[in-house]
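Read the structure below first, then the notes.
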Amino acid sequence: MSTNSPSGSTGSSTAADRARALTVEAHERFKSVSDGKVADYIPALAATPAELFGVCMIGTSGDTYAAGDSDYEFSIQSVSKPFVFALVCQAVGEDEAREKLGVNSTGLPFNSVIAIERTKDGTTNPMVNAGAIAAASLAPGATAEAKWRFIHEGLSRFAGRRLTLNHAVYQSETATNQRNQGAAKLLQGYDRIYFDPIQATDVYTRQCALNVTAKDLAAMAATLANGGVNPLTGESVIDAVHCQHVLAVMVTAGLYEQSGDWLYETGLPGKSGVSGGMVAVAPMKGGLGTFAPLLDDSGNSVKGRLAARFLSEQLGLNLFASNPAG
Ligand code: DON
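Under my numbering, the residue at position 261 of the sequence shown is numbered 266, and the numbers go up by one with no gaps.
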């Protein structure tokens with residue numbers, strides 16, 4: 006991972022040693038933090054061992070640094086949202102995607118229905134549930150299966166391997182996702198969903214139930230940092246121009262009503278999920294993927310936030326950092 010370290014070295018063994026040591030240190034520092042709560046509104050998530058903690062950084066050249074439970078598989082949940090938005094931007098263009106989904110922060114929790122009512126036209130943004138279900142409905146394909154194939158294949162290309170469905174989580178959320186179905190129906194009332202609302206919610210629920218590891222999340226984040234090219238496979242997943250739009254929406258809404266606090270801490274676009282996954286993207290440098298299921302009140306991983314802040318500070322990744330000229 007190239008950094009703004011004082012030596013200015015890029016890809017040298019010194020920079021690599023430092024990135025490796027800092028990844029291990031981030032894990033060591035925060036592994037004993039026990040604040041937060043494992044999500045249980047999706048019953049299958051409640052059984053996740055609370056102490057799990059994985060950290061992985063992947064640079065735009067593919068250099069990979071990992072510590073802790075970075076190979077443990079968990080359902081991706083909301084961390085899928087920016088990547089599906091990216092695939093939809095690629096498919097329909099960034100202007101149509103913005104017009105149909107909205108890109109402004111709601112300032113409200115991820116599952117808010119009021120958020121739909123508060124805008125004139127019923128748009129939210131693709132990082133919250135309503136906008137993400139609308140994004141899934143915009144996936145190319147005339148049937149739910151075709152839309153699912155598009156999303157499954159696209160997310161797998163971001164990760165650089167074929168992702169598998171966590172059937173227990175999918176079934177558990179399907180049995181309990183009436184609130185998301187309600188949001189999708191409300192979107193239909195505003196003409197802001199672009200397929201059958203119940204089927205679109207099902208495609209979205211499957212998307213959220215795909216298994217990933219912290220390493221997969223780091224690869225996905227690194228792809229957004231690298232102009233849409235997966236640094237591990239060399240495959241171009243989306244055009245470079247779409248990365249900046251996706252990152253913009255992650256900055257304003259990636260951690261929901263806590264997005265301002267997150268940006269203040271890290272200076273990076275990020276996205277969280279209720280199973281405990283989190284990504285942070287350092288454009289042209291690399292991606293961070295973390296997994297730790299203890300969540301704060303807004304549904305963001307407590308240890309993930311701490312690790313991202315630590316690594317951003319140590320590696321000089323904050324996008325807003327500057328030094329006096331001369
Ligand atoms: O729709 C839901 O509620 C879940 N499938 C995803 C929510 C989520 O991950 C929110 N993130 N922090």
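Here a beta-carbon is modelled for each residue, glycine too, at the ideal position from N, C-alpha and C.
Own chain, CB closer than 7 Å to residue i, minus 5 neighbours either side, in chain order
i	result
residue 42	299 and 300
residue 175	210, 211 and 214
Residue i: CB within 8 Å of a non-hydrogen atom of ligand 1
i	result
residue 53	no
residue 46	yes
residue 30	no
residue 280	yes
residue 116	yes
residue 304	yes
residue 319	no
residue 238	no
residue 134	yes
residue 210	yes
residue 185	yes
residue 77	no
residue 142	no
Spatial neighbours of residue i in its chain, beta-carbon cut-off 6 Å, leaving aside the 5 residues before and after
i	result
residue 53	43 and 298
residue 61	71, 75, 219, 220, 223 and 294
residue 171	80, 214 and 216
residue 169	216
residue 145	96 and 155
Rounded C-alpha distance that separates residue i from residue j
i	j	result
residue 3	residue 133	Past the edges of the chain, shown from 6 to 331, lies residue 3, and the structure says nothing about it.
residue 20	residue 37	27 Å
residue 189	residue 206	7 Å
residue 287	residue 317	9 Å
residue 59	residue 194	42 Å
residue 268	residue 173	34 Å
residue 177	residue 25	37 Å
Heavy atom of ligand 3 within 8 Å of residue i beta-carbon
i	result
residue 178	Of the ligands this structure carries, namely ligand 1, none is ligand 3.
Residue j beta carbon less than 9 Å from that of residue i
i	j	result
residue 320	residue 23	yes
residue 85	residue 160	yes
residue 138	residue 185	yes
residue 83	residue 304	yes
residue 291	residue 240	no
Neighbourhood of residue i by C-beta, 8 Å cutoff - its chain only, sequence neighbours within 5 removed
i	result
residue 94	102, 243, 247, 250 and 251
Inter-stretch contact (C-beta, 8 Å, three-pair minimum) for the region 258 to 270 and the region 238 to 246:
no
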